[in-house]
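K.L.:
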Amino acid sequence: MPSGQPVVETKELTKQYGRFVALDRLTMSVERGQILGFVGPNGAGKTTTIKILVGLARPTSGSARVAGADCVREARKLKRLVGYMPDTFGSYDNMRVGEYLDFFGAAFGIRRKQRARRIDEVLETAGASTYHDLYVEALSHGMKQRVAIARTLLHDPEVLSLDEPANGLDPQARIEMRLLLLDLAERGKTLLVTSHVLPELARICQRVAIITRGKLRAFGTLEEITRQLHPLRPMEILLTNADRIDRVVEVVKKYVEPGAEISPAPAEAVVRFRTAKREEELAGLLTALVAAGVGVTQFREVATDLEEAFMTVARSSESDEQEGELARNASEAEPARSASEGPISPTRQRGGLR
Ligand SMILES: Nc1ncnc2c1ncn2[C@@H]1O[C@H](COP(=O)(O)OP(=O)(O)OP(=O)(O)O)[C@@H](O)[C@H]1O
Ligand SMILES: [Mg+2]
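Quick note: the sequence shown uses my numbering, first residue 1, plus one each step.
1. Between which residues of its own chain and Glu332 is the CB-CB distance below 7 Å, once the five residues before and five after are set aside?
2. Got a sec: does ligand 2 put a non-hydrogen atom nearer than 6 Å to the Cβ of Lys11?
3. Measuring CA to CA, which of Ala44, Lys79, Thr287 and Arg25 is closest to Pro59?
4. Would you mind sorting Pro165 into buried or exposed? The rule is 16 or more other CB atoms within 10 Å of its CB.
5. Compute the Euclidean distance between the alpha carbons of Glu9 and Phe108, then round it to the nearest angstrom.
6. Look at the alpha carbon of Val66 and the alpha carbon of Leu201, and state the distance between them as a whole number of angstroms.
7. Within 10 angstroms of its Cβ, does Leu359 collect 16 or more other Cβ (buried), or is it exposed?
8. Pull up the distance between the alpha-carbon of Val30 and that of Ile149, whole angstroms please.
9. At a cut-off of 6 Å, is Tyr84 close to ligand 1 when judged by its beta-carbon and the heavy atoms of the ligand?
10. With 16 as the cutoff for other CB atoms within 10 Å, does His141 come out buried or exposed?
11. Cβ atoms of Thr48 and Ala22: under 7 Å apart, would you say?
12. Given a cut-off of 7 Å, decide if Val122 and Tyr100 are closer than it, judged by their beta-carbon atoms.
13. Please classify Gln206: does DSSP put it in a helix, a strand, or coil?
14. Does the Cβ of Ala44 lie closer than 6 Å to at least one heavy atom of ligand 1?
15. What distance in whole Å lies between the Cβ atoms of Arg80 and Asp133, which are believed to be in contact at a cut-off of 8 Å?
16. For Phe103, count neighbouring C-beta atoms within 10 Å of its own C-beta (all shown protein chains included) and say buried if the count is 16 or more, exposed if not.
17. Below 8 Å on the Cβ atoms is my guess for Val313 versus Ala218; work out the distance and round it to an integer in Å.
18. Assuming the contact rule is C-beta atoms closer than 8 Å, Phe299 and Ile245 should be a hit. Round their C-beta distance to whole Å, please.
19. Hey, which unbroken runs of the beta strand (DSSP E) at 3 residues or more fall wholly within the stretch 38-95?
20. Which same chain residues, not among the five before or five after Pro335, have their C-beta less than 7 Å away from its C-beta?
21. Counting Cβ pairs closer than 8 Å, one from the stretch 33-42 and one from the stretch 202-212, do we hit at least three?
22. Check for me: the beta strand (DSSP E) holding Ile262 runs from which residue to which?
23. Return yes when at least one heavy atom of ligand 2 lies under 6 Å from the C-beta of Thr88, else no.
24. Comparing C-alpha positions only, which one of Tyr92, Phe20 and Gln34 sits nearest to Pro6?
25. Taking DSSP as the reference, what is the three-state secondary structure of Thr152?
26. Between Leu13 and Ile52, how many whole angstroms is the CB-CB distance? I'm expecting something under 8 Å.
27. My understanding is that Gly295 touches Thr240, with C-beta atoms under 8 Å, so please give their C-beta distance in whole angstroms.
28. On the CB-based measure, 16 or more other CB atoms within 10 Å of its CB, does Lys15 come out buried or exposed?
29. DSSP state of Thr240, grouped into three classes?
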């Protein structure tokens, strides 16, 4: 598949269980070698999406393609192209790791002669070479996660869908898992990763999708998403001391938008403000402060993290739902998915909030 083309692409993907809409017109795409962090509260629809993308569930409507294969019509082809790590390991008694992987290798149609070598390779990639002869039931949770990753790699899939790979891992194991996922992306694999460990996820993802109640609420780089959430960037000026803090406020006032909130904190020798000004203009402000003889030790944007973005999106979707509920109650009979809402614009795909 040529580079630059999406490897994973969903259009208006919808899944209903009876009348319940678990996934509501999800449209998104991921490019080769990217790691997509799939984030959302419990019950948001992450596992549902992943199951459709690996051919284990059929959408009610809409379409999805992974590595060129249609997730509904080409389910057999799809299974060769994707590796799926479910959120539970299952129970495999009286089976050694090597036998366990051999069993799945055979299921993937890998010839007996090649299987032993392939098993060694994937165990090595997953940092689990020493587990080969251990019984699966005797592995710790973190060791099982590694074996599960090794299993998804057996048939050398292009795309890996990993449902909560960091779940239940200790801090050291989480770091190792993070490095393993980065290593896989460097080898050209495309990764879809769900996780509730947001700081961890934010460190490895090129793209983030935030989903709540089956709807995609935000998609893009973390920076794009946080910019959309807070068009006014929070800035901080740290001073050598608070003696001339009033002068700093005066200078800042000249540079930022009229009426912008400027908060001096003399006890910390810090001035905080929010602005939509670009870097060059802010560089001008710094120059002006220095010219005014103010001692500036730091001048920086306060980074918003994925956790904050997640909470903002979750809160705003909660209040949207409540408003929607009120409107529905008022007009009684509106269906859960009205055609009049119109399709999600593909141009809004590039980043931002829904
Ligand atoms: N087989 C099913 N039958 C009926 N409802 C289902 C089924 N599978 C999932 N659901 C519902 O669909 C919604 C989305 O579930 P899903 O498992 O995709 O959530 P999730 O985002 O993976 O959550 P978690 O973070 O808890 O893993 C939930 O409300 C769930 O109850
Ligand atoms: Mg899930």
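Think of the CB as a built atom: it goes at the ideal place given N, C-alpha and C, for glycine as much as any other residue.
Owing to the predicted nature of the structure, the values given are computational and were not obtained by experimental measurement.
P.N.:
Taking the geometry as given:
1. Because the pLDDT at Glu332 is just 47, under 50, the model does not fix this residue reliably, and the point stays unresolved.
2. no
3. Arg25
4. buried
5. 24 Å
6. 22 Å
7. Here the chain comprises residues numbered 1 to 354, so residue 359 is not present and cannot be evaluated.
8. 20 Å
9. no
10. exposed
11. yes
12. no
13. coil
14. yes
15. About 29 Å separates the two Cβ atoms, so there is no contact after all.
16. exposed
17. 5 Å
18. Not confirmed; about 14 Å, so no contact.
19. 61-66 and 82-85
20. Since pLDDT at Pro335 reaches only 40, below the 50 mark, its modelled position is unreliable, and the value read off the structure follows with that caveat. Excluding residues within five positions, none has a Cβ falling inside 7 Å.
21. yes
22. Ile262 to Ala265
23. no
24. Gln34
25. helix
26. 7 Å
27. 3 Å
28. buried
29. coil
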